[in-house]
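Worksheet for the structure shown next.
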Amino acid sequence: MVQLKKLLASPLFKETALYGLTNALFTGLPLILMPFLVAVMAPEDYGTLDLFKSLTLVLTPILGLSTIQSVTRFYYDLDTNDFRKFCSTVIIFHFISAISASVVLFFVSLMIESEYLIIVLLSVAFFLFNQITEVLLIIYRVKKQPKNFMIIRLGSVVLDLLLLVLLYHLYDTYDWHFRVIPNVIATVAIGLMSLCILHFQFAIKTTFSLRLFKDAVAFSAPLILHMISGYILNVGDRFFIVHFLGDKALGSYSVGYQLGMSISFFYTSFNLAWTPTFYEWMKSGRFSAIEKVKKIVFFGLPILGFVLVIAWQGLSKYIDNLAKYDIDLKLIVSIVLAYIILSYYKFNANYFFYAKKTKKIASITLLSAVLSIVGNFLLIPRLGLMGAAYTTLVSFTIMSIIVVRVKNKLTIEKHEKSIL
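With UniProt numbering applied, the sequence shown has no gaps in its numbers, which climb one by one up to 420 at the end.
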């Protein structure tokens with residue numbers, strides 16, 4: 001009881017609660033909107049919407065070289081002036097990448113269907129301004145300013161919803177544009193505001209340091225492979241589903257997958273507060289405290305997963321037009337289990353990021369991605385959507401087991417299994 005009171009009173013718990021509230025509306029917005037979108041959009045358009053989301057994720061490692069991932073880690077290594085230059089360098093690089101990608105798309109536009117060309121261009125715009133916002137949010141996290149973090153995130157959500165309501169009243173039919181356009185406009189607007197805050201509040205000027213850029217790439221380059229592999233694990237099954245089963249099946253799978261992965265919302269909220277705390281505790285040698293937090297997380301997630309499945313069974317009866325999506329409960333349960341296991345993997349992966357052993361974590365993720373591709377290719381034609389769900393569960397499980405085994409082999413502390 002005493003330990004529980006200490007936990008509830010700790011800054012980590014309070015920050016997690018604030019990040020959780022923020023994520024409930026930002027990360028959880030697609031889940032909140034899902035019943036409404038299911039009612040007004042055809043499965044084919046929902047599938048196109050999911051394709052846009054997938055592209056925005058894939059562009060981060062391809063165009064950004066995952067350099068955003070280095071900002072958090074290098075905050076603890078650089079002095080104030082160098083960190084400002086570091087952030088500016090990363091942002092300028094993202095502008096160059098986005099402009100270059102747009103130019104390339106212009107020259108190959110005749111080879112791409114107009115609808116898909118628009119989706120890719122919107123994805124590039126989303127990528128650029130979302131990454132600028134992420135730099136600001138990382139600074140808020142490492143400086144332990146969750147309230148400012150919340151203001152930026154909720155500002156994006158409010159603007160997105162206002163634009164969505166406006167389009168709802170302006171149009172009579174609703175395809176994928178209805179959801180994508182408000183999302184992109186809100187992201188660009190918040191990105192521009194974040195750029196102003198970075199410049200005026202944090203004195204991040206327009207400077208580019210080749211030395212710091214090389215440091216960022218050295219840390220993040222293995223993460224390109226890591227993130228691409230991660231996106232293959234998360235969204236690669238969509239392309240197999242479209243190929244073997246069609247757009248309508250993709251729409252059904254996307255809804256079921258989104259419900260199942262909602263368990264990750266809880267860990268994501270926690271990890272936003274946990275990562276800076278974890279780095280500080282590792283640096284100061286508070287290994288036993290880390291283990292206590294680990295036990296709480298590993299015990300709590302399965303309970304939350306069970307609650308989510310039960311809640312879905314009760315709420316699904318009240319969602320209009322859900323029957324046309326034909327979602328199997330086994331699919332949702334499989335994805336819930338997969339994302340519980342993925343959360344375990346992410347907790348242990350923090351040790352690798354702290355130690356800057358990004359090559360090892362990238363190789364583990366790559367292996368799991370290859371297994372995922374093979375599994376989807378073999379199982380989706382035979383088992384349909386459940387083939388994709390089973391492949392996700394098995395791939396995440398194998399990845400989690402390997403990362404624990406490798407982490408234990410890298411132990412150099414006498415009494416703590418930690419990577420230093």
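For each residue, glycine too, the CB sits at the ideal point set by N, CA and C.
Nearest neighbour of residue i, chosen from the options [CA to CA]
i	options	result
residue 363	385, 199, 333, 400	400
residue 345	98, 208, 297, 307	297
residue 86	377, 256, 328, 212	212
residue 427	332, 219, 302	One cannot answer for residue 427 here, as it falls past the ends of the chain, which runs 1 to 420.
residue 305	120, 336, 197, 168	336
residue 278	101, 265, 294	294
residue 248	317, 140, 223, 38	38
residue 33	140, 164, 127	164
residue 284	354, 273, 141, 224	354
residue 142	210, 377, 223, 77	77
residue 40	262, 168, 217, 239	168
residue 289	300, 302, 274, 221	274
residue 299	340, 314, 217, 272	340
residue 267	149, 120, 301	301
residue 470	215, 54, 55	Look at the range of the chain in this structure, 1 to 420, and you will see that residue 470 is not part of it.
residue 239	26, 55, 94	55
residue 377	45, 244, 15	244
residue 14	205, 272, 113	272
residue 158	25, 114, 241	25
residue 338	314, 303, 264	264
residue 140	329, 292, 19, 310	19
residue 207	242, 115, 95, 27	95
Neighbourhood of residue i by C-beta distance below 6 Å, restricted to the same chain and skipping five residues each side
i	result
residue 156	186, 190
residue 371	395
residue 231	57, 58
residue 402	364
residue 101	63, 124
residue 129	187, 188, 191
residue 419	Confidence at residue 419 is low in this model, with a pLDDT of 47, below 50, so the placement of that residue should be treated as unreliable; the coordinate-derived value is given next. Closer than 6 Å at Cβ, skipping near neighbours: 351, 355, 410.
Residue i versus residue j - alpha carbon distance
i	j	result
residue 343	residue 104	37 Å
residue 226	residue 237	17 Å
residue 62	residue 367	19 Å
residue 138	residue 72	6 Å
residue 64	residue 357	20 Å
residue 174	residue 117	20 Å
residue 269	residue 17	8 Å
residue 408	residue 69	24 Å
residue 276	residue 250	37 Å
residue 182	residue 98	20 Å
residue 145	residue 21	14 Å
residue 74	residue 382	47 Å
residue 36	residue 178	12 Å
residue 147	residue 246	44 Å
residue 92	residue 219	18 Å
residue 154	residue 199	21 Å
residue 287	residue 150	29 Å
residue 221	residue 209	17 Å
residue 291	residue 280	14 Å
Contacts around residue i, its chain only, beta-carbon distance under 7 Å, and the 5 residues preceding and following it disregarded
i	result
residue 125	184, 188
residue 194	132, 133, 136, 152
residue 180	49, 52, 122
residue 162	none
residue 406	360, 364
residue 30	258
residue 404	348
residue 197	136
Buried/exposed call for residue i, threshold 16 Cβ in 10 Å
i	result
residue 282	buried
residue 171	exposed
residue 380	buried
residue 67	buried
residue 412	Because residue 412 carries a pLDDT of 45, less than 50, the predicted location of this residue cannot be relied on, and the following value inherits that uncertainty. Exposed: under 16 other Cβ atoms inside 10 Å.
residue 307	exposed
residue 223	buried
residue 60	buried
residue 120	buried
residue 256	buried
residue 262	buried
residue 160	buried
Neighbourhood of residue i by C-beta, 8 Å cutoff - its chain only, sequence neighbours within 5 removed
i	result
residue 334	260, 386, 389, 390, 392, 393
residue 252	43, 325, 326, 327, 385
residue 83	74, 75
residue 203	84
residue 233	365, 368, 369, 372, 392, 395, 396, 399
residue 81	none
residue 228	58, 61, 62, 369
Handout entry: Contiguous alpha helix (DSSP H) assignments of at least 4 residues, all confined to the region 176-247
Key = 177-200, 210-244
Practice task
Scan the region 150-179 and note each continuous alpha helix (DSSP H) run of 4 residues or more that stays entirely inside, going in chain order.
Solution key: The region 150-179 contains no whole alpha helix (DSSP H) run of 4 or more residues.
Handout entry: Unbroken stretches of the alpha helix (DSSP H), 4 residues or longer, contained in the region 348-406
Key = 358-383
Practice task
Mind listing, in chain order, the continuous alpha helix (DSSP H) runs of no fewer than 4 residues lying wholly within the region 251-291?
Solution key: 264-284
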